[in-house]
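All remarks here apply to the structure that follows.
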Amino acid sequence: MSEISEAEKRRILRERRQKKLANGGASNRLNKITGQVDSHLSTESPLETPKDQVSPIISATETPIPAAYTKAGVNKESHRAGDFKDNDPQVELFKKLAELQGADKSTPDLFSLLGSLKDGMSKTNEPAVGQPQINPVDEKMLQYHDYLVNRLKAYTILIRWLILLPFIYMVVSSSYASEMFFTKPSNFFMIFTSFEIITMSIYYQALQRIEEKNNVNTLNNSSIIMKIVSMVPEGVLPIKDLKGKAALILQYQQVLSMFVTDICFVIIMVGIFSYLY
Amino acid sequence: MDLSVDPNLHSLINSTTHKWIFVGGKGGVGKTTSSCSIAIQMALAQPTKQFLLISTDPAHNLSDAFGEKFGKDARKVTGMNNLSCMEIDPNAALKDMNDMAVSRANADGTNDDDPLGGLLQGGALAELTGSIPGIDEALSFMEVMKHIKRQENGESETFDTVIFDTAPTGHTLRFLQLPNTLSKLLEKFGELTGKLGPMLNMMGAGNVDIASKLNELKSNVESIKQQFTDPDLTTFVCVCISEFLSLYETERLIQELISYDMDVNSIIVNQLLFAEDDQEHNCKRCQARWKMQKKYLDQIDELYEDFHLVKMPLCAGEIRGLNNLTKFSQFLNKEYDPAADGKIIYELEEKE
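Below you can see the structure in the form of structure tokens.
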């Protein structure tokens, strides 16, 4: 075989040395050395130490390199010693700093900070405003409740009008000289008022039952006035329990409006029946 | 194809390509003697070239080895006109840095009442930086960079080859790690200054062009890194003795160096007794110790068959002074033959 140059020989020898250290060879060599004297020294090779572990000799971390090193002799450009020192603690620190600079999401900005602060404040302030807050109700539940209330209202009006209609007919059709208690015109207003009070009581009892069942306060959730009143902070107006009072007024208004509606119905029906007979 | 490896450093001593030669190993195995010997042999073999021997060990031994005082500036060894030595004193270098900071503060017309100025006068900077771990290696590295810069600018005497008498293993590895660490750090600094540049300018650092300075430093460090990992330019010579701990540490050192992509192809096994060839001065203790050394030598032969394995004798006296070092160093160029060269180990001059 032909003579090889000195440089070529050096390169071949270098590759041979690398080969002996690759694929667990490095640890085996240390094992061989320590095994002869039963030493307790570490046989973990710096070449095979995982990146995040600290080498016993130096305080910086090491990374295995055989793959890169086997190319070393062939190509000088493959000498990338820097690749093996990625985990220097100082470098890690600067990496983290750079990441903080680069990644916006990891850096809490002023707006998100204010947002979270606002959230926290609104949460803590809710009970302080004094709202008798019902448990959170979702939108569908509210819609269902409204449907039940409206249906109750409609049935109540229908039933009342259906009862009132024959009563009005009897009163109008019977002569003025009727001596019957129910058909006597002078007794009409007393009977009508009593009927109104009874039906309204029944209506409100039924409404209360629905509210208890659905855990929804109809006034608080459906009335715009109640919503406006609840926005007024306590102490701004010189009225104590403004919300409670507003709720009471609204309830009276509801009762009155139902009563007025019934009176209107009675007047119209009396007019119609009087015209017919 | 002849792939046998010479049991000497003849090829390294006569190498014309090597620019950086590191000599290192465990403490007390003869690193300084070996590095001095390599430097002397190289200087003798290549008289037209200039060699520099730098000690990066904080506890310097070069002055003692040659028997003359060397300082932070390169000085020729008496009796040799192509070999210079220098010892980097971290404390002196730090004092220089401190003095520079003080003079700069004074030149800027800083008030004497300035607390920072007062601290600097008291050498606070030197004390502070002196306590940073690894500062010795960093300063040695800075010195190497300064040296390269001066050579490039033609400001000082140029050296063809620089031989490093390194500190014990841990220190040396940190020193060799510096180019990597620095280049990574500078890379990150570059990214940061790109982002923080405007802010730094606002803070009054605008008159200093940080980015260009960092880039300059980075290119210097990169060039050193490239040179240190080029096997034609840089090599590491391991020195050990034929004992368990030394062998163990040498193996780890070699593996670490390979992980840095550094070339290591020579091992000097120092302080060997060769007792069986020394019938005249033989003793029971020497025989026993030589038996132990042989046990490890066999292992070394087996483990490092692809390395230049140089077996050096333990001399009767201390190897100090140029003459003694020259006598001893010849066995690096041509391997020691116990039968023929045995008498030389008794011929060392006694230093008074």
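Chains as they are written, first to last, in full-length UniProt numbering: chain A, 1 to 277; chain B, 1 to 352. Just so you know, even glycine gets a beta-carbon here, dropped at the ideal spot from N, CA and C. Note that the structure is predicted; figures quoted are calculated from it, not measured.
Distance cutoff 8 Å, beta carbons only. Does residue i sit that close to anything in chain B?
{"i": "residue 45 of chain A", "result": "yes"}
{"i": "residue 60 of chain A", "result": "Low confidence applies here, because residue 60 of chain A scores a pLDDT of 36, under 50, leaving its location unreliable; read the following figure in that light. With 8 Å as the cut-off, residue 60 of chain A counts as an interface residue toward chain B."}
{"i": "residue 5 of chain A", "result": "no"}
{"i": "residue 108 of chain A", "result": "Unreliable placement is indicated for residue 108 of chain A, whose pLDDT of 42 sits below 50; no coordinate value is reported for it."}
{"i": "residue 70 of chain A", "result": "For residue 70 of chain A, the predicted structure reports a pLDDT of 40, less than 50, and the residue's modelled location is therefore unreliable. A value from the coordinates is still provided. No, its Cβ sits nowhere closer than 8 Å to a Cβ of chain B."}
{"i": "residue 9 of chain A", "result": "yes"}
{"i": "residue 16 of chain A", "result": "yes"}
For a cutoff of 8 Å on Cβ pairs, would you count residue i as touching chain A?
{"i": "residue 206 of chain B", "result": "Interpretation of residue 206 of chain B is limited by its pLDDT of 49, a score under 50 that renders its predicted location unreliable; no figure is taken from the coordinates."}
{"i": "residue 259 of chain B", "result": "yes"}
{"i": "residue 5 of chain B", "result": "yes"}
{"i": "residue 231 of chain B", "result": "yes"}
{"i": "residue 345 of chain B", "result": "no"}
{"i": "residue 255 of chain B", "result": "yes"}
{"i": "residue 337 of chain B", "result": "no"}
{"i": "residue 372 of chain B", "result": "The displayed coordinates of chain B run from 1 to 352. Any statement about residue 372 of chain B would go beyond what the structure contains."}
{"i": "residue 298 of chain B", "result": "no"}
{"i": "residue 318 of chain B", "result": "no"}
{"i": "residue 34 of chain B", "result": "no"}
{"i": "residue 103 of chain B", "result": "no"}
{"i": "residue 55 of chain B", "result": "no"}
{"i": "residue 11 of chain B", "result": "yes"}
Among all the DSSP beta bridges, which residues are the ones paired with residue i?
{"i": "residue 163 of chain B", "result": "B/21 and B/53"}
{"i": "residue 308 of chain B", "result": "B/266"}
{"i": "residue 33 of chain B", "result": "In the DSSP output, where bridge partners are listed per residue, residue 33 of chain B has none listed."}
{"i": "residue 236 of chain B", "result": "B/22 and B/264"}
{"i": "residue 11 of chain A", "result": "DSSP output for residue 11 of chain A lists no bridge partner at all."}
{"i": "residue 76 of chain B", "result": "B/84"}
{"i": "residue 224 of chain A", "result": "Looking at the DSSP assignment, residue 224 of chain A forms no beta bridge with any residue, so it has no partner."}
{"i": "residue 272 of chain B", "result": "B/313"}
{"i": "residue 241 of chain B", "result": "B/270"}
If I'm right that residue i touches residue j with Cβ under 8 Å, what's the distance once you round it to whole angstroms?
{"i": "residue 257 of chain B", "j": "residue 236 of chain B", "result": "5 Å"}
{"i": "residue 141 of chain B", "j": "residue 186 of chain B", "result": "Going by Cβ atoms, the distance from residue 141 of chain B to residue 186 of chain B rounds to 13 Å, so no, they are not a contact pair."}
{"i": "residue 87 of chain B", "j": "residue 70 of chain B", "result": "5 Å"}
{"i": "residue 181 of chain B", "j": "residue 22 of chain B", "result": "Going by Cβ atoms, the distance from residue 181 of chain B to residue 22 of chain B rounds to 17 Å, so no, they are not a contact pair."}
{"i": "residue 25 of chain B", "j": "residue 314 of chain B", "result": "That pair is no contact at about 16 Å."}
{"i": "residue 306 of chain B", "j": "residue 77 of chain B", "result": "The Cβ separation is near 34 Å, so there is no contact."}
{"i": "residue 21 of chain A", "j": "residue 47 of chain A", "result": "6 Å"}
{"i": "residue 327 of chain B", "j": "residue 348 of chain B", "result": "7 Å"}
Which residues bound the beta strand (DSSP E) around residue i?
{"i": "residue 83 of chain B", "result": "83 to 87"}
By the criterion of Cβ-Cβ separation under 8 Å, what are the contact partners of residue i in chain A?
{"i": "residue 301 of chain B", "result": "Residues of chain A passing the Cβ test: none, with the nearest at roughly 13 Å."}
{"i": "residue 219 of chain B", "result": "None at all; the shortest Cβ gap to chain A is about 14 Å."}
{"i": "residue 251 of chain B", "result": "29, 30 and 33"}
{"i": "residue 306 of chain B", "result": "13, 16, 17 and 20"}
Taking the alpha helix (DSSP H) that residue i falls in, what are its first and last residues?
{"i": "residue 259 of chain A", "result": "242 to 276"}
{"i": "residue 145 of chain A", "result": "139 to 173"}
{"i": "residue 239 of chain A", "result": "Counting along the chain, residue 239 of chain A falls outside any alpha helix (DSSP H), and DSSP gives it neither H nor E."}
{"i": "residue 286 of chain B", "result": "284 to 303"}
{"i": "residue 197 of chain A", "result": "188 to 214"}
{"i": "residue 64 of chain B", "result": "62 to 66"}
{"i": "residue 29 of chain A", "result": "25 to 35"}
{"i": "residue 330 of chain B", "result": "322 to 333"}
{"i": "residue 10 of chain B", "result": "10 to 13"}
{"i": "residue 339 of chain B", "result": "338 to 341"}
{"i": "residue 258 of chain B", "result": "244 to 259"}
What does residue i touch in chain B if you count any residue whose Cβ is under 9 Å from its own?
{"i": "residue 34 of chain A", "result": "244 and 248"}
At 7 Å on the CB atoms, spell out the chain A contacts of residue i, in chain order.
{"i": "residue 212 of chain B", "result": "Correct list: empty, because the minimum Cβ distance to chain A is about 20 Å."}
{"i": "residue 140 of chain B", "result": "Near residue 140 of chain B there are no residues of chain A at all, since even the closest Cβ is about 16 Å away, more than 7 Å."}
Whose Cβ in chain A lies nearer than 9 Å to the Cβ of residue i?
{"i": "residue 223 of chain B", "result": "Chain A residues near residue 223 of chain B: none, gap ~13 Å exceeds 9 Å."}
Could you list which residues in chain B have their beta carbon closer than 7 Å to that of residue i, in chain order?
{"i": "residue 12 of chain A", "result": "3"}
{"i": "residue 21 of chain A", "result": "255 and 258"}
Identify the contact partners of residue i in chain E, using a Cβ-Cβ distance below 7 Å as the criterion.
{"i": "residue 26 of chain A", "result": "Of the protein chains in the structure, A and B, none is chain E."}
At a CB-CB cut-off below 8 Å, which residues of chain B make contact with residue i?
{"i": "residue 39 of chain A", "result": "244 and 248"}
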